[in-house]
Amino acid sequence: MSYNLLKGKKGIIFGALDEKSIAWKTALRCHEEGAQIVLTNAPVALRMGEINKLAEAIQAPVIGADVTNMDDLKNLFEAAMQHFGGGIDFILHSVGMSLNVRKGKHYTDIDYAFNQKTLDISSMSLHRVLRTAWDLDALNEWGSVVTLTYIAAQRIFPDYNEMADAKALLESVTRSFGYHYGNRKNVRVNSISQSPTATTAGSGVKGFDGFIKYAEKMSPMGNASGEDCANYCVSMFSDLTRMVTMQNLFHDGGFSFTGVTQAVIEAMEK
Ligand SMILES: NC(=O)c1ccc[n+]([C@@H]2O[C@H](COP(=O)([O-])OP(=O)(O)OC[C@H]3O[C@@H](n4cnc5c(N)ncnc54)[C@H](O)[C@@H]3O)[C@@H](O)[C@H]2O)c1
């Protein structure tokens, strides 16, 4: 169902890899709500070609950009502004990657060169995106920026490995840049802390199946789906949430504030 919540708004969506991606689902929902979109992903992801299906469905151009490359980001923002004929109202930063997880390195044995790359892609890239928008004055007054994070930034989930540290840094950048952008132009910057969701990035976490089932049992409402997350992003891009900024917003069916559930007690008693 569409409420026209984003009618006339223009946004850049980072990170739609395939139809399981949270960014993919969010792009579809934003389009349904009346937004115009520019899609972007790393050149290597674009070569997979899946994103073209989404681009066709929502009539969006695709502009490649590696989030760790400032020239790519500048080119992306300039091309998006040219396409829209003006400024940008919202950005979804839905990007994450851990080289140490990919290479099967244990947290106690991480490679620090990989770790630097992980932090650049997964955390400082939000700073790079905001800095590029800031320098080009690309975001409109009352714009909204959302990034996606996970509760491993606050609590230990051992197999989440170095991504826990990356998410903690990402949430800090959200607050710090959120302060400056709020002050300058009433632009809000928030992170949404999403339930485990079966996507390419999600499934990279060791023991993901057990992890997702446990979270399901530990959440009074069960896990929030990718579609639910897309709806939440729409609300954060709409004019109904203008004064929400610098927050880490848990979107997890109640997981973050639950000590134990009846379902977990019953599983332990078996
Ligand atoms: N899936 C989950 O369980 C879950 C839970 C909480 C938060 N998140 C976060 O949601 C976000 C989106 O992940 P997803 O689950 O939709 O998985 P996904 O694999 O579909 O998306 C990750 C995206 O990051 C992109 N990316 C990686 N390196 C890049 C680079 N250098 N430049 C540009 N883009 C790059 C990938 O191409 C991909 O599109 C991530 O930040 C992830 O950590 C996921």
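Numbering-wise (our numbering), the sequence shown opens with residue 83 and increments by one. Think of the CB as a built atom: it goes at the ideal place given N, C-alpha and C, for glycine as much as any other residue.
Item: Contact check, T229 vs N272, beta carbons under 9 Å; Value: yes
Item: Simplified DSSP assignment, three categories, for G76; Value: With the chain covering 83 to 352 only, the question about residue 76 has no answer from this structure.
Item: T190: CB within 8 Å of a non-hydrogen atom of ligand 1; Value: no
Item: Sequence-distant residues of its chain with Cβ nearer than 7 Å to L359 (five each side left out); Value: A query on residue 359 cannot be resolved here, the shown segment of the chain reaching from 83 to 352 and no further.
Item: Beta-carbon contacts of G116 that lie in its chain and below 6 Å, excluding the five residues immediately before and after; Value: N86, L88 and K89
Item: Bridge partner(s) assigned by DSSP for Q164; Value: None; Q164 has no bridge partner.
Item: Rounded straight-line distance, which links the Cα of K299 to that of S277; Value: 12 Å
Item: CB of I274 within 9 Å of CB of L221, strictly; Value: no
Item: Straight-line Cα distance separating D291 from R129; Value: 28 Å
Item: Sequence-distant residues of the same chain with beta carbon closer than 6 Å to G264, five excluded per side; Value: T327
Item: Within 9 Å, strictly: CB atoms of V123 and A147; Value: Note on identity: in this sequence residue 123 is Asn, with Val being the wrong assignment. Contact flag set, yes.
Item: L331: CB within 8 Å of a non-hydrogen atom of ligand 1; Value: no
Item: Given N305 as reference, the closest of D153, T340 and S258 once Cα atoms are compared; Value: T340
Item: Residue nearest to A283 in terms of C-alpha spacing, selected from D100, L155 and K267; Value: D100
Item: 9 Å Cβ cutoff met for A280 and F337; Value: no
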